[in-house]
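Just so we're aligned: the sequence shown equals residues 85 to 137 in this note's numbering.
Where a beta carbon is used, it is the ideal one built from N, C-alpha and C, also for glycine.
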Amino acid sequence: MEKNEAIKNTKNFDELLVIQYGKSGTDPRDEFEENAQHFIISELLKEAKRKTH
Numbered sequence: 085m086e087k088n089e090a091i092k093n094t095k096n097f098d099e100l101l102v103i104q105y106g107k108s109g110t111d112p113r114d115e116f117e118e119n120a121q122h123f124i125i126s127e128l129l130k131e132a133k134r135k136t137h
């Protein structure tokens with residue numbers, strides 16, 4: 085099955101992550117999850133800073 089077709093047939097976000105980045109514990113998935121956490125933390129910090137000004 086082609087990747088685009090697999091994406092169209094996903095039923096939930098977890099399936100999409102597996103298609104796009106691999107199963108949990110693989111290097112690409114770990115890198116994605118680490119980057120996602122960095123993004124979330126940076127957004128929380130920006131929001132907190134904005135609220136203090």
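Glu127 carries a helical assignment under DSSP once its states are collapsed to helix, strand and coil. In the three-state DSSP reduction, Thr136 falls in the helix class (H, G or I). Where Glu99 is concerned, the enclosing alpha helix (DSSP H) starts and stops at 97 to 105.
If the five residues before and after Lys133 are omitted, its C-beta is found closer than 7 Å to no C-beta atom of its own chain. The DSSP-derived three-state label of Glu86 is coil.
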